[in-house]
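In this note's numbering, the protein residues as written are 4 to 407.
Just so it is clear, CB atoms sit at the ideal spot from N, CA and C, and this is done for glycine as well.
This report concerns only the one structure given below.
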Amino acid sequence: MTSPAATLSGGLSRRNFLRAAAASSALAGLPFVTEAHLAHAAIPKFAPSDQGIHIDANENPMGPSEGARQAIAAIIPKGGRYLFDKEIGFSELFARQQGLDPEMVIAYPGSSEPLHLAVLAYTSPTRPLVVADPSYEAPMWAAQAAKTPILKVPVADPKGAAINDIPAMLAASSTPGLIYICNPNNPTGTVTPFEQIEKAIDSVPKDSVVMVDEAYIHFCDAPSCIPLVKQGKNVVVLRTFSKLYGMAGIRMGFIVGQPETLKKISALGGQNPLPITAVAAAKASLLDPELVPTRKKIMAGLREENIDFLRSHGYTVTPSVSNCFMLDVGRPGKQVQAAMAAKEIYIGRVWPAWPNSVRITVGTQSEMAAFQKAFVEVMKTNTAGLEPPALHPRLQQTPFSHLS
Ligand code: PLP
């Protein structure tokens with residue numbers, strides 16, 4: 004059978020592509036996965052969200068801001084309408100705030116969808132995806148669906164700064180389809196210097212693209228790459244309301260890029276109205292000047308307190324500026340994850356490149372106090388032989404072993 008990616012680049016519609024994908028046995032499961040799927044796939048049992056402590060999916064326990072909650076409540080009576088004008092007005096607000104032309108921004112219900120579509124639009128069996136390792140896996144899943152070669156490039160200075168190794172990523176292919184740079188990186192929480200990202204953008208062939216995923220940018224002082232879009236550069240930037248804004252379950256995000264690039268990417272998806280509750284909440288969040296600095300400060304305090312605690316107990320932790328960090332547990336991370344889950348504390352997954360590390364999402368003060376206590380206890384026990392995670396039946400439908 005012709006590969007889905009070949010048929011796609013041959014000009015078939017998105018619908019036909021999906022039909023072809025569904026017919027392919029390799030794609031019998033979902034081709035696209037998100038942080039939520041990956042986090043749930045990694046925990047030893049499918050833990051109900053209202054049971055135990057969940058610091059495994061880089062969510063924000065603070066939830067939507069007070070202003071966002073009020074905006075949702077106020078819009079509910081209008082829930083019988085599409086309110087397209089509000090959707091347009093919301094995107095335009097973000098464009099204005101960022102000094103962009105409105106055509107340089109498209110809003111989606113979360114950044115996962117444009118992330119996947121960008122990978123499908125720019126990669127193919129002959130145009131690889133280049134990613135750091137460890138980094139967020141969703142682009143690899145999309146590439147897998149398109150039968151695209153995936154070039155994983157180990158992060159530079161893994162025991163220290165642990166940043167995307169841009170020179171090595173550029174050297175990985177002379178004809179990359181898409182170079183994915185997560186900044187700050189998920190799962191390490193580390194920042195790649197702006198000058199290096201700019202160099203990558205300036206170096207790639209014109210028909211390739213660099214995608215900078217700024218899901219976690221609000222937690223740190225790193226400069227955004229959105230100004231590079233304004234300068235006309237060949238880069239797409241992803242933003243989400245799932246992290247600092249606490250709206251993972253409400254769903255809202257943006258892709259930012261050159262209008263022609265966005266046309267090519269968005270053409271692979273359908274036209275689907277945004278939930279008006281999400282539009283209202285995200286708009287209220289954008290209009291609140293205190294939200295980012297306040298939450299950034301709260302996060303920094305909690306994160307540093309926990310990193311200090313772990314380092315004082317002799318553990319190596321990545322120098323994160325985000326809401327998560329990698330913790331080297333000095334033994335198979337999956338065992339520690341399983342032992343913690345037995346105490347109903349669900350910590351994040353293990354990346355194959357760093358089998359002795361687990362990702363910890365920074366939760367509330369009380370959640371982290373419970374984490375610290377349980378972690379110290381677990382590390383005093385012998386975890387050898389603890390069962391690797393068993394997937395929830397729904398997640399077993401997905402080919403989760405492919406990328407290990
Ligand atoms: N990008 C990164 C790096 C992420 O970690 C996530 C979620 O955790 C996403 C994108 C997707 O988030 P959402 O679809 O909720 O906007």
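Going by beta carbons, G366 and I58 fall inside the 7 Å limit. A residue is called buried once 16 or more other Cβ atoms fall within 10 Å of its Cβ, and S369, having fewer, is exposed. Distance from the CA of V320 to the CA of L313, rounded to the nearest whole angstrom, comes to 7 Å. With contacts defined as CB atoms closer than 7 Å, V134 and K150 fail to qualify as a contacting pair. Between G351 and V339, the C-beta spacing is not below 7 Å. Between V238 and G260 the beta-carbon gap is near 7 Å, inside 8 Å, which marks them as a contact. Under the Cβ criterion (8 Å, minimum of three pairs), the region 110-127 does not count as touching the region 298-318.
Comparing alpha-carbon positions, the option among S206, E90, R99, P117 lying closest to K266 turns out to be P117. T264 carries a helical assignment under DSSP once its states are collapsed to helix, strand and coil.
Annotation for A124 indicates a beta carbon at 6 Å or more from all heavy atoms of ligand 1. The beta carbon of A251 sits closer than 6 Å to at least one heavy atom of ligand 1. Around the beta carbon of N167, 16 or more other beta carbons sit within 10 angstroms, so the residue counts as buried. By the CB criterion at 7 Å, N186 and V215 fall inside the cutoff.
Within its own chain, the residues whose Cβ lies closer than 8 Å to the Cβ of T264, once the five positions on either side in sequence are excluded, are V212, N237, V239, listed in chain order. Distance from the CA atom of K81 to the CA atom of K89, rounded to whole angstroms, is 12 Å. For A341, the enclosing alpha helix (DSSP H) has its first and last residue at 336-345.
Where R306 is concerned, the enclosing alpha helix (DSSP H) starts and stops at 294-315. Following the DSSP letters along the chain, one finds A135 inside the beta strand (DSSP E) bounded by residues 132-136. Counting along the chain, Y125 sits inside no beta strand (DSSP E); it lies in the alpha helix (DSSP H) bounded by residues 115-125. K383 counts as exposed, since fewer than 16 other beta carbons sit within 10 angstroms of its beta carbon. Within the DSSP secondary-structure output, R362 pairs in a beta bridge with M329.
Short note on A218: C-beta closer than 6 Å to some heavy atom of ligand 1. Its Cα nearest to that of F257, the residue P105 stands out among G55, S68, Q73, P105. Spatial neighbours of I78 in its own chain (CB-CB distance under 7 Å, excluding positions within 5 residues in sequence) are listed in chain order as I279, T280, A283.
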